[in-house]
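As structure tokens, the structure follows; a few thoughts come after it.
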Amino acid sequence: MEKVPMTAEGYRVLDEQLKQLKQVERPSVIAAISEAREHGDLSENAEYHAAKERQGWIEGSIADIEDKLSRAQVIDVSKLSGNQVKFGATVTFVDEDTEEEGVYQIVGEHEADVKLGKISIASPIARALISKEVGDVVEVNTPGGVKAYEILKVEWK
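Counting from 1, position 39 in the sequence shown corresponds to residue 39 in the working numbering; the numbering is continuous, with no gaps.
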């Protein structure tokens, strides 16, 4: 089984989502199905079909999250250090063409959220940054062409 790397924060968020689905969403949809059944003919009962569809989505989400948690390789970023970019590092870099700076933390795939400054370990830019150090220049193939970034700082937060 392939391990799923994630930060301790990412693990906590997934665990909270799982609890929400099991303790709130699942009982709620079961109640909605029961109520819809009381309305009679199920073949033309839109509420029943919507509740059953929602139940399928909830059960699928629960199975997906449980799978990720069971294969989780939790990495405590606060215990990492060094100048080399690795999983969990927060990297500051500058686009050599535009002089625009970027700051991103490299996290697990399910944790990635560019708006929050978190990019997936599987993203092209993260793959290019891994194993590099401050001062190194990396080239990344983007939809707009090849971009060159110079690494300015590697931090462990």
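For each residue, glycine too, the CB sits at the ideal point set by N, CA and C.
Secondary structure at Ser120: strand, using DSSP grouped into helix, strand and coil. Inclusion of Ala8 and Val74 in the CB contact set at 8 angstroms is warranted, their separation being smaller than that value. Leu42 sits in a helix when the DSSP states are folded into three classes. Note that the stretch 93–107 does not touch the stretch 29–46; fewer than 3 beta-carbon pairs, one per stretch, sit closer than 8 angstroms.
A residue is called buried once 16 or more other Cβ atoms fall within 10 Å of its Cβ, and Met1, having fewer, is exposed. Across the structure, Ile33 and Trp57 are spaced so that their CA atoms are roughly 14 angstroms apart.
Between the alpha carbons of Ala89 and Ser28 lies a gap of roughly 40 angstroms. Ranking Tyr149, Leu18, Val154 and Ala128 by CA distance to the CA of Val137 puts Tyr149 first.
Within the same chain, Cβ atoms closer than 8 angstroms to the Cβ of Ile119 are found at Tyr104, Gln105, Ile106, Val107, Ala112, Ile125 and Ala126, the five residues on either side in sequence being excluded.
In the DSSP assignment, Leu152 falls within the unbroken beta strand (DSSP E) covering Gly145 to Glu155.
A distance of 8 angstroms or more separates the beta carbons of Leu14 and Ile62.
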